[in-house]
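For the sequence shown, this note's numbering gives the first residue as 54, with consecutive numbering after it. Backbone N, C-alpha and C define an ideal beta-carbon position, used for all residues, glycine too. The next block holds one structure in the form of C-alpha cells; read it before the comments.
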Amino acid sequence: MKNNLDELTYYARLLTKLRNKKYEFYVVSRIIHLLNDTEIQFTTQQVVRKNDGRRYLIDLYFPQFQLAVEVDESYHLSNEEADRVREREIVAYTDVEFFRIKCDDNSNIESVHQRINKLIDKIRHLKKNRNFKAYSYQDEFSVDKWLKVGKLRISDGAKFRTHADVLRLFGKNFTLHQAASSPLNEKVQVWFPKLYKNNDWINFISPDGKIIEQTRVGNDMEIKEIKDSIVFAHQEDVLGNIYYSFKGVFRCTRHTENEIYYERIATEINFSDYENKKIK
C-alpha cells in the first residue's frame, strides 16, 4: 500500500492530474480556490458509467452533492485507459447532476468566469441544506469515527485503508493484512472482493449494486457452505491509493461449479450485532 499523503500533498496531486489539459486545469483550479472550503470534498477524473456501459472521466466531481463538472465534452475512455481505471469506484450516470463549462472557440475568460461563479453559488446553496455532512480529510479513513456512530450505511461513502481497519469495526484486532474473507460467526463473514477481472477470478457487481457474480476462470471452485457476506470492495482512487468501501450485505442465491450469484439483503449494518459473538 502506498504511503499516506498529508492533506496539502493530496489536494496538490489531485489538481496535478489535470496538468496536461490546460483549460480543464485552469477551470478546476479556479473553482477549488474560489470555494476555499475544506468541508466540501472533491475529486478529479471521476469515472462515470453511462447507460450504454461506456465509461467516462469527469474533470471534477463533488461526491456530497453528486455533482459533476464537465469542461467541454465528456471524455470517453479508450480500452487501455479503461483497463487502467478498472479498480476505481464507478458512479452511475443517472445518479449524477452535470454542470457544463464551455471553453470552445466562442468562449472567453469573462464567459468562463461567469459560469464558474454560477457554479460556486450553486455549491454554496447546496451546502446550506440541513442534510449536508461536512467532509474531513483527517477523518476520511477513521475507524474510530464509525465506531462512535455504531453503524454503517452504503450511502455514508465510508472508506477504510486496510482489511485490519475494517475488521476493527467488528471487534477484531489484527495488525497484518488479512485474507480475502474473514469469518465473524458461523453464518456471516467479511469479504473483500476485487469487483473486476483479476487473475483467476471475474467478479462483477451490477450497476444498481444489488447483485454480485463471482466466476472462477480455468478451474472449478471447491464450494462448501457459503456464508452471508458483509462486502467491503477493494478499490483504488485517482492517485492509486487502495481503500475498501462498504457495498452491503450479500447472500448466495445460487451457484454452479464455477459461478456464485449473490443478492444484496441489507444496505446497513450495526456493529453491535457482531460483538462478542465467537465462531462455534
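Open item on the list: I'd like to know whether the C-beta atoms of Ile295 and Gln288 end up nearer to each other than 9 Å.
Closed with: yes
Open item on the list: On the CB-based measure, 16 or more other CB atoms within 10 Å of its CB, does Lys181 come out buried or exposed?
Closed with: exposed
Task: Own chain residues within Cβ distance below 6 Å of Glu77, not counting five before or after - done: Taken in chain order, the residues that qualify are Leu71, Asp112 and Val124.
TODO: Taking Thr268 as part of the beta strand (DSSP E), name the residues at either end of that continuous run.
DONE: Ile264 to Arg269
Task: Beta-carbon spacing of His166, Arg83 below 9 Å - done: yes
Task: Endpoints, beta strand (DSSP E) assigned at Leu205 - done: Lys204 to Arg206
Task: Asn256: first and last residue of the uninterrupted beta strand (DSSP E) it sits in - done: Looking at the DSSP string, the run of the beta strand (DSSP E) that includes Asn256 is Trp254 to Ile258.
- [ ] Drop a sphere of 10 angstroms on the beta-carbon of Lys309, count the other beta-carbons inside from all chains shown, and report buried for 16 or more, exposed for fewer.
- [x] Before going on, a small fix: residue 309 reads as Thr here, not Lys. Under this definition Thr309 is an exposed residue.
Open item on the list: For the structure I just gave you, are there three or more beta carbon pairs, one from the stretch 180-197 and one from the stretch 80-94, closer than 8 Å?
Closed with: yes
TODO: Could you name the residues that DSSP lists as bridge partners for Ser195?
DONE: Paired residue(s): none; Ser195 is not in a bridge.
- [ ] Taking only the alpha-carbon atoms, compute the straight-line gap between Leu172 and Phe152 and give it to the nearest angstrom.
- [x] 8 Å
Task: Start-to-end residues for the alpha helix (DSSP H) that takes in Glu77 - done: Lys75 to Leu88
Task: Counted within 10 angstroms of its Cβ, other Cβ atoms place Lys198 as buried (16 or more) or exposed - done: Label assigned to Lys198: exposed.
- [ ] Within the same chain, show all residues whose beta-carbon is closer than 6 Å to that of Leu292, passing over the 5 residues directly before and after it, in chain order.
- [x] Arg66.
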